[in-house]
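First to last, the protein sequences are chains A and D.
By the count of numbering that gives the first Met the number 0, the first sequence reaches residue 358 at its end, each step adding exactly one.
By the count of numbering that gives the first Met the number 0, the second sequence reaches residue 806 at its end, each step adding exactly one.
Right, one structure below, let's go through it.
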Amino acid sequence: MRHSLSYLLICGLALASAGAAAANTFKDPAVTPAPEVPNSVSSAPLLAGALSGTRIVAVGLRGVIATSDDQGKTWKQQPSPVSSDLVALSFVGDGKGWAAGHDGVVLHTEDGGNTWVKQFDGAAACKRMTAYYQQKLDGGDASVQPYIMQVKGNCGDGAGDLPWLDVLFVDEHNGYLVGPFGNIMATADGGANWEPWQHRIDNDRGLHLNQITRINGELYIAAEQGVVFKWDAGKQKFKLHQTPYKGTFFGITGDSAKLIAFGLRGTAYASADAGETWTAIETDAGAAVNAAATLADGRVIMVTQNARVLLSTDAQARQFKPLTVTRPMLFADVVPIAPDAVAVFGTAGVAVESLATGR
Amino acid sequence: MAVAKNSIDDMPVIARVEDFDRRSGGFVERAVFNFRGVLIVLCAMATVFLGWRATMLTVNASFDKMTPQSHPYIRNYFENRDALGGLGNSVRIVVETSGDDIFDPDYLQTLQKISDTVFLIPGVDRPWMKSLWTPLVRWTEITEEGLSAGAVMPEDYNGSKASIDQLRANVYRAGLIGDLVANDLKSSTVFVPLLDHDPDTGAPFDYQRFAGELSKIRHDYGSDKVKIHVVGFAQLAGDLIDGLYKVMGFFAASVLIVLAVLYFYTRCVRSTLLVVAAALVAVLWLLGIIQLLGYALDPYSVLVPFLIFAIGASHGTQKMNGIMQDVARGTHRYVAARYTFRRLFLAGLAAILCNVVGFAVLMVIDIPVIRDLALMTSIGVTILVFVVLLLLPVLLSYVGVSPRAARRRLDIQRREALPGGEPLGQRLLLPFTERRWATLAVVLAAVVATVAFGISRNLKVGDLDKGAPELWPDSRYNRDVAYVNEHYGLSSDQYAVIVKTPPGGCEKFSTLVEMDRLAQTLRAVPGVQVVVSAADAIRSTTTALYEGSPKWLTINRRENVLLNARDYMVANSPDLTNRECAAAPLIAYLSDHRADTLERVTDTVIAFAKQHDTDDLHFLPAAGSAGIQAITNIVVHDSNRTMLIFLYTATSLLCLLAFRSWRAVIVAIVPLVITSVICEALMVELNIGMKVATLPVIALGVGVGVDYALYLLSIQLQVQRSGGSLREAYARALGFTGRVVLLIGFTMAAGVVTWAWSPIKFQANMGLLLTFMFLWNIAGALVMIPALSYFLLRDEGRERHAAAVPA
């Protein structure tokens, strides 16, 4: 019985110390470094990849950042200042890159992905947007009134719930962030300062902006409801282009000869005139195309929600053939890493697929 | 001790009852024998009444009673079990086809019949039942217009190829592979959630009846084309109850073995039958009292009648033995019964008290089945005081023993008294009272004990086999579990962490992020295969809200997004949170339930909770089969130590009281300790882990084993203290009680050895180990007591005797 008593005492102490431990406070993922992933980082959920020189860099859920210096054979987890889910990545050369994702976080590296600092987050973005448009309104510009409303709606209580769905830097100074509910910002100083751009896009409906990309020197944004936005340098504004499609585009890929916008249920539309007119093409994907890339020879590679990798039979990209997939998963991104190889990223990590098998 | 206080020499042979002074003997003896008719009538009435109650005894297999109830982690489970409904109380009926796959009209028709039959079984939570035939099983697809959905079984299903193709497509788009449909497409599942209480009558769920319905389904629909596998708590409980009935059948075998042992020893039919009958009456009383106290027989307590029967039979035999000796000399059976009572009542009482101590220390273990076992055994042993120590001698005073058997006994005694006529046992054992053999025995015992101790260090806590630990690895249930694990890819070893918040707190961003962090931490623990929680479910439902884009595989901060995602999640996996959203299980599926795996998981959870618990968020271990086992392991490990300390302290004190010599205590206890150590080594060799069921083994083994020492040493010391040499004293002890020791050992072993064939694994483990303990303790006592006495008790009585002479 004595044992039971001392046991009770110990349990009591444990409870008391648990009570003391309850002084823990919640550590927000936007300010909490990413933990080391269990097992190998190459099997952690990775949502985006990019090349920095010959190095492959990838980001994913829970702030995970991974790099490979041997064409994707081995991967190393790099320290990340946040544990927010990262969904997009952009590199411009000289090892300069940016990652973006949920909680509105933007991370920056100057050394090809070894070290990262947080440049921006959702709370800062809301503050910046509110201040920016309020200042304009105070300056007498009544046209910004809708943006004030929009920002208010998107930021809610300002807790920083404004996610970014894509980041694009066209050089080491100029970059863009796009997100849901029409959120868009731009920087001209490498991410030190971000300017709200809601007034520089024809997006009255507040459509989700899923991806931003530069093809043949032109900027495009893939959006909901079959909408593609294209930068109009003359008007200094993203101009809305309505395709015949009614559903969501997750992205746009292409080269000087063509644009391919892709999205739900294997839908893809091609444009041969830089986005003016679009025609449907057959992908045979069967499920949403989550990402696509155009190879140097003009062929287009797509990855889908139902674990398929599809390669166009030629540079026209009118017809697609499935590749044998070594690691089936829900794919989120594809990055060409060699003339005949792509790295594919998704919920089960990263794999390198050879393009030779599909021919 | 009073064992030989009234030695046989003080009791003159009285051939005629009339010559006997009825006023002789102690108060109890006079009370019992002078009113022996009254005693018999009272006992007969008690037997009828308790026998009637015994027929009302129920059986069950309560899993709660096998868990350490007051451990704080188990309290966590009990306090939150409503929120953990999906974890325990459901069965999966897996219907396997011998054909190519399940997309076959005949198979689907059988499945429909099974599904419909199950639907009607009382206790099934019908709205949540899932099979390919229930409307709850739906597919959803994201389209440009939003979500489209439908039942997986096409509404116009007619068995045609077209409708089967439609079904196949629906199964794929609903993502049922690995969930309701096996990965190899050769089986599909009827998932049957069960209600704790009947909604109409409020009666608790009847496992026995449900198991009966399940075996009917197996019988009606199982064929060479369709195999049926059932896994889940209710099936396991049913199988345990089946096992229980089978073990009850073993009781008859034990009775027969004991009959044989007794007859071999006495060669007297009537007294053998009488002794066995008395032991059976004791068992009947025990069952009646258990029923009166509101207990039911469970897989542990079903073993108590065996023990009580064996103890009763061995004590009864001693009575019979005593009477036979007196009758053989010509004493009348009535007088012989009274003499025997006079001689043996106190000794028997002392031995029974020792047994009670052995059982009672089990009460310190905080596991209800063990406490019940201890309580029932203590009650049973107390009954033996009445039935075997009081009633049996009275009955023998009427019945007597067969004169032929009595003569045989006398012949043997005479023969043995002749020079060179010592029985083989004496010739073999007496050398151990001398230097050479004593040294050899002690050295050998030391070596064996050391080796055994070394081996016993590898004793693992917990169960070491795959599948449900209660049953054998190759039992039908565990084969079914293996089939389901293999074809559906989820382990049955679930460790659930209870995530506790104020109502509504489970869908808060911070809660979900912390759950996600714990899930991620657990994924890094070796032995963890998959972790499932609301955090992961929210991630995947959030992507569904955003058209399946992997960029939304996230836990969003926005309250309305989380709320939407949770609504969607509750519709798909209702068991991931409770209704108030105040408790949510986080389930880790483990590769096995070995103790070190469980310990790693528990340690990880506790360390995480320490770092992450806040006033509004607590991570509590443990639930799920593996979680409860993890806590049980901790308690078993701690209890084992406590129990051993109590056991040996109590036994040593009893011995000290009896012998009044600490040296004698060492002589009595050391053989028991060696047997305990060898028993642990044996467990290692037989791959039996230390678990709830093995805890009582050592206590029972020591409790019964100390009897042997009490019998032998009390006579040995008595002779030594009246001036005899060690050899003489031990020879006397052997002659007087050596046979009794053998007899107790063998009857006890006979009582439990049949368990070894039990379909319930832990009973078989107990049977094997107890048989070993009971038998090995005989050898330990007979060899080690003289050998140790040579070193410790050689001079016992000498100085007292020497001191007494000049005075």
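We put the beta carbon where it would ideally sit given N, CA and C, even for glycine.
Chain-ordered neighbours of residue i on chain D, where CB pairs are closer than 8 Å
i	result
residue 24 (chain A)	613
residue 303 (chain A)	Within chain D, no residue comes near residue 303 (chain A); the closest Cβ sits about 10 Å away, beyond 8 Å.
residue 145 (chain A)	Correct list: empty, because the minimum Cβ distance to chain D is about 21 Å.
residue 44 (chain A)	552
Residue i classed as buried or exposed, judged by whether at least 16 other C-beta atoms fall within 10 angstroms
i	result
residue 154 (chain D)	exposed
residue 13 (chain D)	buried
residue 397 (chain D)	exposed
residue 126 (chain A)	exposed
residue 657 (chain D)	buried
residue 746 (chain D)	buried
residue 51 (chain A)	buried
residue 462 (chain D)	buried
residue 469 (chain D)	buried
Whole-Å CB distance - residue i paired with residue j, under 8 Å assumed
i	j	result
residue 104 (chain A)	residue 29 (chain A)	6 Å
residue 394 (chain D)	residue 281 (chain D)	In fact, because the Cβ distance is near 13 Å, the residues do not count as touching under 8 Å.
residue 505 (chain D)	residue 581 (chain D)	6 Å
residue 97 (chain A)	residue 181 (chain A)	21 Å between Cβ atoms; not a contact.
residue 93 (chain D)	residue 109 (chain D)	Their Cβ separation, rounded to whole angstroms, is 13 Å, which puts residue 93 (chain D) and residue 109 (chain D) out of contact at 8 Å.
residue 348 (chain A)	residue 331 (chain A)	About 11 Å separates the two Cβ atoms, so there is no contact after all.
residue 217 (chain D)	residue 483 (chain D)	No, residue 217 (chain D) and residue 483 (chain D) are not in contact; Cβ-Cβ is about 15 Å, not under 8 Å.
Nearest to residue i (by Cα), restricted to the options the options
i	options	result
residue 388 (chain D)	D:321, D:710, D:221 and D:187	D:321
residue 739 (chain D)	D:160, D:27, D:261 and D:52	D:261
residue 287 (chain D)	D:366, D:375, D:774 and D:264	D:375
residue 112 (chain A)	A:90, A:100, A:194 and A:126	A:90
residue 403 (chain D)	D:430, D:468, D:270 and D:443	D:270
residue 25 (chain D)	D:57, D:524, D:345 and D:575	D:345
residue 795 (chain D)	D:751, D:776 and D:719	D:719
residue 692 (chain D)	D:312, D:599 and D:371	D:371
residue 233 (chain A)	A:199, A:244, A:253 and A:243	A:199
residue 247 (chain A)	A:235, A:331, A:257 and A:225	A:225
residue 130 (chain D)	D:138, D:191, D:98 and D:183	D:191
residue 209 (chain D)	D:31, D:195, D:220 and D:491	D:195
Chain-ordered chain D contacts of residue i [CB-CB under 7 Å]
i	result
residue 315 (chain A)	Near residue 315 (chain A) there are no residues of chain D at all, since even the closest Cβ is about 26 Å away, more than 7 Å.
residue 249 (chain A)	548
residue 160 (chain A)	555, 556 and 557
residue 155 (chain A)	557
Listed by chain order, chain A residues near residue i by CB distance under 7 Å
i	result
residue 553 (chain D)	84 and 101
residue 522 (chain D)	37
residue 483 (chain D)	The contacting residues do not exist; residue 483 (chain D) stays about 23 Å from chain A at best.
residue 512 (chain D)	28
residue 509 (chain D)	25
Residues that residue i contacts on chain A, provided the C-beta gap is smaller than 8 Å
i	result
residue 519 (chain D)	34, 36, 37 and 61
Chain D contact residues for residue i, given Cβ-Cβ distances below 9 Å
i	result
residue 289 (chain A)	547, 548, 549 and 550
residue 346 (chain A)	549 and 552
TODO: Go through the segment 580-637 of chain D residue by residue and report every complete run of the alpha helix (DSSP H) that reaches 4 residues or more, in order.
DONE: Whole alpha helix (DSSP H) segments, 4+ residues: 594-611.
Task: beta strand (DSSP E) runs wholly inside the segment 436-516 of chain D, at least 3 long, in chain order - done: 493-499, all fully within the segment 436-516 of chain D.
Task: In chain order, each beta strand (DSSP E) run of at least 3 residues that lies wholly inside the segment 184-265 of chain A - done: Within the segment 184-265 of chain A, the complete beta strand (DSSP E) runs of at least 3 residues are 208-214, 217-222, 226-231, 236-241, 248-254 and 257-262.
Task: Residue ranges of each beta strand (DSSP E) within the segment 155-243 of chain D, 3 or longer - done: Complete beta strand (DSSP E) runs here, min 3: 186-192 and 225-231.
Task: Unbroken stretches of the alpha helix (DSSP H), 4 residues or longer, contained in the segment 304-381 of chain D - done: Entirely contained in the segment 304-381 of chain D, the alpha helix (DSSP H) runs reaching 4 residues are, in chain order, 332-359.
Task: Runs of alpha helix (DSSP H) lying entirely within the segment 647-696 of chain D, each at least 4 residues, in chain order - done: Fully contained in the segment 647-696 of chain D are the following alpha helix (DSSP H) runs of length 4 or more, in chain order: 661-684.
TODO: Report the residue ranges of all beta strand (DSSP E) runs contained in full by the segment 82-114 of chain A; include only those spanning at least 3 residues, in chain order.
DONE: List check, beta strand (DSSP E) in window: 85-92, 95-100 and 105-108.
- [ ] Return the chain-ordered ranges of every alpha helix (DSSP H) run that is complete within the segment 701-770 of chain D and spans a minimum of 4 residues.
- [x] Whole alpha helix (DSSP H) segments, 4+ residues: 725-732 and 738-752.
- [ ] Just list the alpha helix (DSSP H) runs in the segment 526-575 of chain D, keeping only unbroken ones of 4 residues or longer that don't cross its boundaries, in chain order.
- [x] List check, alpha helix (DSSP H) in window: 533-544 and 558-571.
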